[in-house]
Structures are given as structure tokens and as C-alpha cells.
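Structure, as C-alpha cells:
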Amino acid sequence: MFAYIARRIVYVIPIVLSVALVCFLLVHITPGDPLVAVLPADASQELAAQMRTAYGFDRPLPVQFGLWIWRALHGDLGASIATGRPVLSEVLRAVGNTVTLAIAAALIGFTLGLLFGLIAGYFRDTWVDKVATSVAIAGVSVPHYWLGMVMVIIFSVQLNWLPAVGAGPGGSGSWGWDWEHMKYLILPAITTSVIPMGIVTRTVRALTGDILSQDFVEALRAKGLREWDVFKHVIKNAAPTALAVMGLQLGYMLGGSILIETVFSWPGSGLLLNSAIFQRDLPLLQGTILVLALFFVTLNLLVDIAQAAIDPRIKRG
Amino acid sequence: MSDTALQAAPITKARGYWATVGRRIVRDKVSMVCAFVLVLIFASALLAPWLGLADPYQGSMIRRLRHIGTPNYPLGTDELGRDMLARLIYGGRLSLIIGILPVIFAFVIGTSLGLVAGYVGGRLNTAIMRTIDVFYAFPSVLLAIAISGALGAGIVNSIVSLTIVFVPQITRVAESVTTGVRNMDFVEAARASGAGPFTIMRVHMLGNVLGPIFVYATGLISVSMILAAGLSFLGLGTKPPEPEWGLMLNTLRTAIYVNPWVAALPGVMIFAVSICFNLLSDGMRSAMDIRN
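As they're listed, the protein sequences go chains A and B.
Using UniProt numbering, read the first sequence as starting at 1 and increasing by one per residue.
Using UniProt numbering, read the second sequence as starting at 1 and increasing by one per residue.
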């Protein structure tokens, strides 16, 4: 098992480096000067040159990349052009809020997805299956930012039950696990949960159906096992794949939160990315994307390892 | 000797694979309803100028945010007093283009890459597939927004960024299907009879791998519609005053306290197109699965 983990980690290194390269190059596919956003329109040539040297944009690309990676390895992702604050601390604070949202959404989405998927797969082609499948297909097809708007319309505008935007009563500064803060989490979490709910339902339904049609299930029944015990075997066999899908979905929720966070003004990494894009704050853009992608890569690594740990069929040798 | 005896025995031609698949789709009610809805949306978007609709660009300060069901404005008016029905139908033009084009481009590029990687194998396969892996290290929404954000707002940029997001996914599917077909006997036979690699790929393999890739791509259109409209919603796609569903949602967001249901309408269109493509893709997949 340790050899397997070590090998997986070694595989990840080139991926991490390429991810860093992509993030780095993003700034350089940008049309125009990366400093355009910060320089005043009437800036002199000298000032522009000075700024370019200060940000290191005057050196050759490979040198810039080398320096950037070297600093990143030491936890320095540069300073935000707009605010002057260190990028890393800005990103990490925002990511904390995104993690809160993603975990709440995962709890809702995965619980419902597993439940619907197992029931639909077990009672295939009955009305229960049809209802669960319809809910799932709606979940994967709905533009979630629109669903967020509809939720706000119903629960904030019409019923006035829950707050429409923000992450807490006193602006969006500090998060706490009390009802005053939780109220703000409910709508964004439900909105975020519909896609993973749909995907987990569809995956688990297909898995359950496949497993139930296998010979060993017939053998278990012939042996006289009660239906509940057969069901336990189904769960055991579906677990590794279901786990992998859920891991991936958690990653998508963490990395793809920009639309939902924009709708609800949730102060997470997505909202930070949004402001970085529109203020053309390139170091912040670069840093946020790098941190989110590294989160995603790490999560995938953990899922691979967890899958190998619980599934003896995956070769670890 | 009677006449009937002279007649040749009726030839029963076995139905081909695609004919069978086609029949099964036509018999699937859900797929047909979805196809009908999609044809309706496509046709109305295409024929919009001849449908006798109001001018989708013509606003009026005195008739802003009328409710659904107002005389002359069946679906109300938007925040600048423009007719919602006209804008929703005209909006289909851009929304469908920016949602579907990336998948078509990615289908062509990804299938070519995957076919070559899967057929040639070896180092070329490693080079193509490892490059693809890098893009898998980004959640697709993040990648689309990162590229769009770096390139700047605009329709072309949004199509480019979504194409880049989908190419790796289609390449992976194409590569795995091709690898599965590569060592089959009929390919071996073609090779033995002296066919070159290009001929084998084009004549013998393409037809066998295209089906699954096509079904996968159809399913991607749903994601693409949501993402393309999402980019516009964020302000990274179409620019005002163009009617486009994502952008309309964005500009109507401020109106949810005044006229919430009109503000939600563009999302219904995105949802409808997305769910129809998803169901159609599911229908095709099960129709092509001859084992059932």
C-alpha cells in the first residue's frame, strides 16, 4: 500500500508542474500589457518601464516562470495589483468560505444522491425509479446560477424567510456555526448541491443495476440470504466507484463555485476570482486558479488512494 | 404450374445496425418529445425575423418591467422596456450558437486526436494523452472561466475557451473507443491487405468509433449551453444590448424585487434546451445499446 501511495504521488508531480505552467501562461495569453489595469491612462513611459521592472515583466518568460515557481514553493504568490495585499493570504481566506459551502452542499447532495440512486437502481422501472431518475436529470440539466436566482425569488423576495446575499449578518467578515450565519448558508448550499445530487443518483443507479444483474447476486439469493443482506453486498460493491465520483464532484464544487458565489455574493474563492477577472488583477487571478487547481489535484490523489484502500480489486503492486 | 410457385421467394433484408437504432429512437416517446421541443426552439430562433415579433432592441422607459400576460407583451418587458417574448426567441440565436459550436469544434478536434492517439499508440499516444491529463487537473468550470477571464470578454473568446474545455474530454472517449477497436480482426484484415494507416482510420475505424463519441458529445451540449450562458451571465461572453439568455439573466437580476418571474424567464430557456439534449443523449445511448 505504501508503495502504491508513493507511486501515485510521484505521478502527480509532473501534473502539478504542468498546472503551474498553465496558470503562469494564462497571464501571457492575455492581450495587451498586464499592467494596463494598474497604470493610470496618462502614465509616462518611464513609469510604465519602472512598474514593468518592479513586477518582473521585463525578463524572459522562462526566467519569469522559474522565479514564479520558486516563490510559489515558498508560499509567495506575489501581491494583488488592486489591493497590494499578499495573494496567498487573500486566496486562503476565501477558500475557507468556499470549503464551508462545498461541504454543506456535499452533505445534502451526496446523501440525497446515494439514497435516490440506491432506491432507483433497486426498484428499477417502477414509479419510484422514474421519479428519482427525473429528479436526477433535472439536477444535472439545470443552470444552477438560474436555480439560485429562483431560490432567492421564492425564499427571500416572496416569502422573506432567508437572506438573499452575503455570508453573515455583519457583512461577510467572519463565519460562525450559529443560526444567524447558517441562514445565509442554506440557499447557496442547496443550489450547489443539485448537480452532485443528480450525478451521484445517476451513477449509483447504474451501478446498482449492474451489480444486481451479476451472477453472484443470484448465488447469494439462492443461498437463502435475506434481501437486506443482498443489499449490503450491493452497497459494498458500489462503494469504490461511488466514492470516486463523489470525490470528483467535491472537487468541482470547490473549483467551480464562481457562478453560485456570484449569485449569492458568497465571499469565497469564486467571488475572489470574479473580482480578479474584472479588475484585471493578474497575480490574484493566477494565484487563485493555481490554488484551486492544486486543491483539485490533491483531492483526486486522495480519492485514488482511498479507492485503492477500500477496493481489493485495484492492483496496488 | 401455378403462378405463385414461379414467383421468387420474398427477400427479407436484415435491418442494419443504424436502421435498428433509428427505429428504436423514433419509438422512444421521451426522445421524440425532446427532439420536437428542440426543433421548435431552433426553428423559432432561425425564423425570428419573420414571426412578426416586436423589435428585440427597442426599449421604452414608460413600459419597463411589465408583468407576464400584459396585453401586447405576453411575456412582459425587461428592465429597459423591451419585449421579453421577442428577446427570448431572438436570444436563442446567440445562445444556441455559443452553446453548440464549442461542442462541434471539440468533436472534430477531439475525435481526430483520439483516433490518432488510439490507432498509432506508443509515444504519440503518450504525448497526446499526457497533455490531455493536464487539462483534467482543472475543474471544467474553472478552466473555462480562467481562459475566458484571461482572454477577456467576447463571443469568440467564450467559444474558444469552451472548445479548449471539451477537447480533452472528447479525446479521452475517442482514444478509449479506438483502442478497443484497433486490434479487432477486421482492422487486422485491412492491414494485411495492404491498407495504409490513414485509409484504415478513415474507412474502417471512424464508422465504428463515431457512434459512442457522438452520443457523448450530445450529452456535452447540455453542459456547454449552461457554461456558455454562465460565462455571459458573469459578463464574460456576449455584450449588451445583444439578446442572449445568460446575459439577459444577468441584467434582469436587479429586477427580481420588482418583477421576479419575468427575470427568471431566460433561465427557463437554457434549462429546456439543456434537459432536452440530456434526455436525447440518454435515449440515443440506450437505443445504441443493442444488448437490451
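We put the beta carbon where it would ideally sit given N, CA and C, even for glycine.
Between A:G247 and A:L259, the C-beta spacing is not below 9 Å. Between B:L115 and B:A174 a beta carbon distance of about 6 Å is seen, short of the 8 Å cut, so the two are scored as contacting.
In this structure, the CA atom of B:A45 is about 17 Å from the CA atom of B:L247.
By the CB criterion at 9 Å, B:V30 and B:L113 fall outside the cutoff. In the three-state reduction of the DSSP assignment, B:T77 falls in the strand class, which pools E and B.
One thing to note: B:G99 has its Cβ within 9 Å of the Cβ of B:S224. Going by beta carbons, A:V27 and A:Q286 fall inside the 9 Å limit. The CB of B:V165 never comes closer than 7 Å to any CB in chain A; the least such distance is about 11 Å. Assignment of B:D83 by DSSP, reduced to helix, strand and coil, places it in the strand class. Residues of chain B whose Cβ lies closer than 7 Å to the Cβ of A:N274 are, in chain order, L234. Setting aside the 5 residues that flank it on each side, A:F295 is surrounded in the same chain by L254, each with a C-beta closer than 6 Å to its C-beta; the list follows chain order. The C-alpha of A:Y4 lies about 20 Å from the C-alpha of A:A239. Per the Cβ contact rule, the segment 225 to 233 of chain B is in contact with the segment 267 to 277 of chain B (3 or more Cβ pairs under 8 Å). Sequence-ordered contacts of the segment 23 to 46 of chain B with chain A are nonexistent [C-beta pairs closer than 8 Å]. Interface with chain B (9 Å Cβ-Cβ cutoff): A:Q158 is included. Listed in chain order, the non-local C-beta contacts of A:T208 below 7 Å within the same chain comprise G117, L118, G121, Y122, V234 and A238, local neighbours out to five positions each way being set aside. In its chain, beyond the 5 residues on either side, I68 have a beta carbon closer than 7 Å to the beta carbon of B:W261. Contact between A:V91 and A:A79 does not hold, since the beta-carbon distance rounds to 12 Å and is not under 8 Å. For A:P86, the pairing in a beta bridge is given by DSSP as A:A79.
In terms of Cβ geometry, A:A136 and A:G113 form a close pair [threshold 9 Å].
The three-state secondary structure of B:T70, taken from DSSP, is strand.
Around B:F105, no beta-carbon contact reaches into chain A at under 9 Å, the shortest distance being about 18 Å. Around the C-beta of B:G207, fewer than 16 other C-beta atoms lie within 10 Å, and the residue is accordingly described as exposed. Rounded to whole angstroms, the separation of the alpha carbons of A:R52 and A:L282 is 13 Å.
With a 10 Å radius around the Cβ and a threshold of 16 neighbouring Cβ atoms, B:V165 comes out buried.
Membership of B:H204 in any alpha helix (DSSP H) is not indicated, and neither H nor E is assigned to it by DSSP. Residue environment for A:P60: exposed (fewer than 16 other C-beta atoms within 10 angstroms of its C-beta). Inclusion of A:M149 and B:A264 in the CB contact set at 9 Å is warranted, their separation being smaller than that value. One Cα belongs to B:L162, the other to B:I155, and the distance between them is close to 11 Å. Interface flag for A:L73 against chain B is unset, since no Cβ pair is found closer than 9 Å.
Counting only runs of 4 or more residues that sit fully inside the segment 105 to 144 of chain B, the alpha helix (DSSP H) segments are 122 to 136, in chain order.
A:G224 sits in coil when the DSSP states are folded into three classes, being neither helix nor strand. With respect to A:R205, A:T133 sits close: the two C-beta atoms are nearer than 9 Å. Using a Cβ distance threshold of 9 Å, B:V103 and B:A217 count as a contacting pair.
Comparing alpha carbon positions, the residue from A:P62, A:V140 and A:L115 closest to A:V128 is A:L115. Counting along the chain, the unbroken alpha helix (DSSP H) around A:W179 starts and ends at W179 to L212.
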